[in-house]
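Chemist: One structure is given below, represented as structure tokens, and several questions about it will come after.
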Amino acid sequence: MERSTQGPMAARSWLLLLLGLAGVLRVRGQRAPDSTGFVSIDCGLPEQAGGYVDAATKLPYVPDGGYTDAGTNHNISPEYIKPSSSKRYLNVRSFPGVARSCYTLPSTVARGSKYLLRATFMYGNYDGLNRLPVFDLHLGVNFWRTVNITKADTPQLAEIIAVVPDESVQVCLVDTGSGTPFISALDLRPVRDTLYPQANATQALVLVDRTNFGVSGAALVRYPEDPYDRVWIPWSEIDSNEWTEISTTEKVKELADPRFNAPSAVMQAAITPRNGSRSASSRTIELSWDAAPSHAYPDPGVIGIVYFAELEAVAGGDVRQFETHLNGKLWSKAPFTPQHLVCDAFFNSEAHRGFGGHYNITLNATANSTLLPTINAAEFFSVVSTANVATDAKDVAAMAAINAKYEVKKNWAGDPCAPKTLVWDGLNCSYAISMPPRITRLNMSFGGLSGGIPTHFANLKAIKYLTNS
Ligand SMILES: *[C@@H]1O[C@H](CO)[C@@H](O)[C@H](O)[C@H]1NC(C)=O
Ligand SMILES: *[C@@H]1O[C@H](CO)[C@@H](O)[C@H](O)[C@H]1NC(C)=O
Ligand SMILES: *[C@@H]1O[C@H](CO)[C@@H](O)[C@H](O)[C@H]1NC(C)=O
Ligand SMILES: *[C@@H]1O[C@H](CO)[C@@H](O)[C@H](O)[C@H]1NC(C)=O
Ligand SMILES: *[C@@H]1O[C@H](CO)[C@@H](O)[C@H](O)[C@H]1NC(C)=O
Ligand SMILES: *[C@@H]1O[C@H](CO)[C@@H](O)[C@H](O)[C@H]1NC(C)=O
Ligand SMILES: *[C@@H]1O[C@H](CO)[C@@H](O)[C@H](O)[C@H]1NC(C)=O
Ligand SMILES: *[C@@H]1O[C@H](CO)[C@@H](O)[C@H](O)[C@H]1NC(C)=O
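In mature numbering (1 follows the signal peptide of the UniProt record, and there is no 0), the protein residues as written are -29 to -1, 1 to 440.
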């Protein structure tokens, strides 16, 4: 058995480091997404505080009042405030006593575009209860992941790469009876549509790990080095007996292949087995990770993307060539030789399943190779279905109007009919495969809907039955 990076990679997966220092610059009244199409929200920040520019990324963050009308604002407990704390983590919005609470974010590019969405959670005992909650996140009407807060002082991150079919997308926090959902920050970033081809109209990628090798002790790489503001976390638990870091100051170019890229700042460093180490004698690099199972996906399908570039000037007689194996099975069709200062990658197009959720990738030098393998960066995702479709848009609009008029304080948040487990109280819906659900019945006495029948009801076209007791 060769050295595995499993320990460090798995342990670090959800422990996002503090993303830079607090910024204090004010941006007055900024609400519309900026020219990048980014939406950056500091959840629980009072409206009157206004927005500010994040010191690390120079991105403008705004309060969340324009994106949700649910929940209440809280500050984290003073003992969790550190000088290095990002401003985003100082306050949260929490949603007590409701089944589902949602943020509505604009699709800033076009319908059907691809986005990276990132939610961050820093508990900080904001409620004084010292009870770490577990709750679910949904992207619109589809399960995204379970958020399991395991440390009060450590921000946790949830990220998904998904195609957004509509003009807006909802991020919903769902109470699963294990504590009150809360959120610290929410980011939406457009991603080039050809990137991550595994994310399509019916499937999204949930981040498990994104690692930058060869830069132990260095800072995170994100925007502006990464135009999509992916957060590349340095692999810092390097065992110097086992690995050597190699790097270059020269820029690493993007390959013409539009399906993947990693920023030059990430690709300019790599690791390789240290001469005399066990990995060197077996001429391999081995990575392993766990697929982050959830109640919705006990055996999630996984996608791996491993990034390479040759950073050294390879002498005439030398060759660096390796094979890749996934759980012991050949992954790459042909042996691979990284190109000098050009980013290249291996990835699987179809999700792998099985192996009890435990995966490993081996890069091993071929017999002809005079040099050992190298690796610059890696991303691991699990896949989730986004095949559930939202309720008929006209029905949604009619219900929104009714909700606004009557201010129904039941569980009327998120999509009225989907998912089935969260149908609005007092509604009945019909479901047909691949078709938007329709509202078929509305109980008027539910939630005190009384008085004259407003015109909005006439817009519920599929409705068969109105009860007005
Ligand atoms: C949350 O994490 C803790 C600690 O890892 C674990 O014991 C618990 O089972 C998890 N809860 C859920 C619902 O996943
Ligand atoms: C998305 O990708 C999955 C896996 O390759 C595939 O089964 C599915 O048909 C694709 N969906 C669309 C809409 O292309
Ligand atoms: C590895 O170490 C051995 C013994 O110390 C040495 O002879 C050899 O040249 C080294 N190889 C490389 C590639 O540095
Ligand atoms: C890699 O996966 C294979 C197949 O599941 C397994 O037999 C092997 O023990 C794994 N290696 C490590 C280091 O976990
Ligand atoms: C590379 O590793 C795999 C999995 O451990 C093994 O099956 C294969 O024989 C190795 N290939 C070489 C060339 O060492
Ligand atoms: C290894 O080198 C031999 C001799 O040059 C060649 O015939 C063979 O195709 C090479 N193997 C690979 C995998 O490149
Ligand atoms: C219709 O909705 C009511 C109230 O939400 C519920 O009790 C009932 O079971 C539903 N009927 C059907 C046929 O789903
Ligand atoms: C409508 O809602 C009221 C109030 O919750 C309830 O008493 C009644 O049984 C419901 N009617 C139907 C047909 O579900």
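Beta carbons: idealized from backbone N, C-alpha and C, even for Gly. Owing to the predicted nature of the structure, the values given are computational and were not obtained by experimental measurement.
How is Asn374 classed by DSSP in three states: helix, strand or coil?
Modeler: It is helical.
Chemist: Which value, in whole angstroms, describes the spacing of the CA atoms of Leu431 and Ala375?
Modeler: Roughly 16 Å between the two C-alpha positions.
Chemist: Use the C-beta contact count for Glu350: other C-beta atoms within 10 angstroms, 16 or more gives buried, fewer gives exposed.
Modeler: Answer is buried; the Cβ neighbour count reaches 16.
Chemist: Taking only runs of the beta strand (DSSP E) that begin and end inside the stretch 290 to 363, which ones reach a length of at least 3 residues, in chain order?
Modeler: Complete beta strand (DSSP E) runs here, min 3: 293 to 297, 313 to 318, 329 to 336, 348 to 356.
Chemist: Give me the Cβ distance between Leu76 and Val142, rounded to the nearest whole Å; I'm assuming they're in contact under 8 Å.
Modeler: Sure, about 7 Å apart at Cβ, within 8 Å.
Chemist: Using a threshold of 8 Å, state whether the C-beta atoms of Phe9 and Arg160 are closer than that.
Modeler: Result yes, Cβ atoms of Phe9 and Arg160 sit closer than 8 Å.
Chemist: Looking only at C-alpha atoms, which of Ala262, Leu413, Trp395 sits nearest to Arg71?
Modeler: Nearest of Ala262, Leu413, Trp395 to Arg71, Cα basis: Trp395.
Chemist: Could you check whether Gly22 and Asn62 sit closer than 8 Å to each other, using their CB atoms as the reference points?
Modeler: Not closer than 8 Å, so no.
Chemist: Mind the definition here: the stretch 231 to 247 touches the stretch 257 to 275 only if three or more C-beta pairs lie below 8 Å; say whether that holds.
Modeler: Contact between the stretch 231 to 247 and the stretch 257 to 275 is absent, because fewer than three Cβ pairs lie under 8 Å.
Chemist: If you draw a straight line from the alpha carbon of Pro229 to that of Glu50, how long is it in whole angstroms?
Modeler: Computed Cα separation, rounded: 46 Å.
Chemist: Do Asn183 and Ala27 have their CB atoms nearer than 8 Å?
Modeler: No, Cβ-Cβ distance for Asn183 and Ala27 is not below 8 Å.
Chemist: Are there 16 or more other CB atoms within 10 angstroms of the CB of Leu301, so buried, or fewer, so exposed?
Modeler: Exposed.
Chemist: Would you decide whether Glu281 is buried or exposed? Buried here means 16 or more other CB atoms lie within 10 Å of its CB.
Modeler: Flag for Glu281 reads buried.
Chemist: Would you kindly check if the distance between the Cβ of Asp13 and the Cβ of Pro34 is under 8 Å?
Modeler: Yes, the pair counts as a contact, with Cβ atoms nearer than the cut-off.
Chemist: Excluding the 5 residues flanking Arg116 on each side, which residues of the same chain have their C-beta closer than 7 Å to its C-beta?
Modeler: Answer for Arg116: Leu108, Ala129, Val177, Ser265, listed in chain order.
Chemist: Any heavy atom of ligand 1 within a distance shorter than 7 Å of the CB on Thr121?
Modeler: For ligand 1, at least one heavy atom lies less than 7 Å from the Cβ of Thr121.
Chemist: Could you tell me if the beta carbon of Val105 falls within a distance shorter than 7 Å of some heavy atom in ligand 1?
Modeler: Because some heavy atom of ligand 1 lies under 7 Å away, the Cβ of Val105 counts as near it: yes.
Chemist: Anyone know if the C-beta pair for Pro390 and Ala361 falls short of 8 Å?
Modeler: No, these two residues do not count as a Cβ contact at 8 Å.
Chemist: Compute the beta-carbon to beta-carbon distance between Ile132 and Ala172, rounded to the nearest angstrom, for a pair I have assumed lies under 8 Å.
Modeler: Incorrect: roughly 13 Å between the Cβ atoms, too far for contact.
Chemist: If you check the beta carbons only, do Trp206 and Ser187 fall under 8 Å apart?
Modeler: A contact, by the Cβ cut-off of 8 Å.
Chemist: If you run the structure through DSSP and keep just helix, strand and coil, what is Pro136?
Modeler: In this structure, Pro136 counts as coil in the three-state DSSP scheme.
Chemist: If we ignore side chains and look at the alpha-carbon of each, how far apart do Tyr97 and Asn113 end up?
Modeler: Answer to the nearest angstrom: the Cα atoms are 28 Å apart.
Chemist: Per DSSP, what are the beta-bridge partners of residue 457 in this structure?
Modeler: Limits of the chain in this structure are -29 at one end and 440 at the other, which puts residue 457 out of reach.
Chemist: Under three-state DSSP, which class holds Asp107?
Modeler: Looking at Asp107 - three-state DSSP - the assignment turns out to be strand.
Chemist: Do you know how far the Cα of Phe106 is from the Cα of Gly150?
Modeler: Approximately 7 Å, taken between the alpha carbons.
Chemist: Between Leu166 and Phe66, how many whole angstroms is the CB-CB distance? I'm expecting something under 8 Å.
Modeler: Wrong, their Cβ atoms sit about 33 Å apart, outside the cutoff.
Chemist: Quick one: is Ser122 buried, meaning 16 or more other Cβ sit within 10 Å of its Cβ, or exposed?
Modeler: First, the amino acid is wrong: residue 122 is Lys here, not Ser. With fewer than 16 Cβ atoms within 10 Å of its Cβ, Lys122 is classed as exposed.
Chemist: Comparing alpha-carbon positions, which option in Asn44, Thr39, Asp40, Ser6 lies nearest Ala20?
Modeler: Among Asn44, Thr39, Asp40, Ser6, the Cα nearest to that of Ala20 is on Asn44.
Chemist: In chain order, what residues of the same chain have a beta carbon less than 8 Å from the beta carbon of Thr255, not counting five sequence neighbours either side?
Modeler: Same-chain partners within the cutoff: Glu(-28), Pro244, Thr333, Leu334, Asn335, Ala336, Pro344.
Chemist: I need the straight-line Cα distance from Ala(-8) to Lys29, nearest angstrom please.
Modeler: In this prediction, Ala(-8) has a pLDDT of 25, which is less than 50 and means its spatial position is unreliable; nothing more can be read from the coordinates.
Chemist: With a threshold of 7 Å on Cβ separation, who are the neighbours of Tyr86 within its own chain once the five nearest residues in sequence on each side are excluded?
Modeler: For Tyr86, where only same-chain residues beyond five positions count, the Cβ hits under 7 Å are Ala133, Val135, Leu159, Arg160, Pro161, Val162.
Chemist: For Gly111 and Asp386, what's the separation of their Cα atoms in angstroms?
Modeler: The straight-line gap from Cα to Cα measures roughly 7 Å.
Chemist: Flag this pair as yes or no: are the beta carbons of Ala236 and Val277 separated by less than 8 Å?
Modeler: No, Cβ-Cβ distance for Ala236 and Val277 is not below 8 Å.
Chemist: Please name the residue, chosen from Leu342, Leu157, Ser401, Ser139, that lies closest to Ser250 on a Cα-to-Cα basis.
Modeler: Residue Leu342 is the option with its Cα nearest to Ser250.
Chemist: Could you tell me how far apart the beta carbons of Leu226 and Val313 are, in whole angstroms, since I believe they sit closer than 8 Å?
Modeler: Going by Cβ atoms, the distance from Leu226 to Val313 rounds to 6 Å, so yes, they are a contact pair.
Chemist: Three-state secondary structure (DSSP) at Ala280?
Modeler: Three-state result, Ala280: coil.
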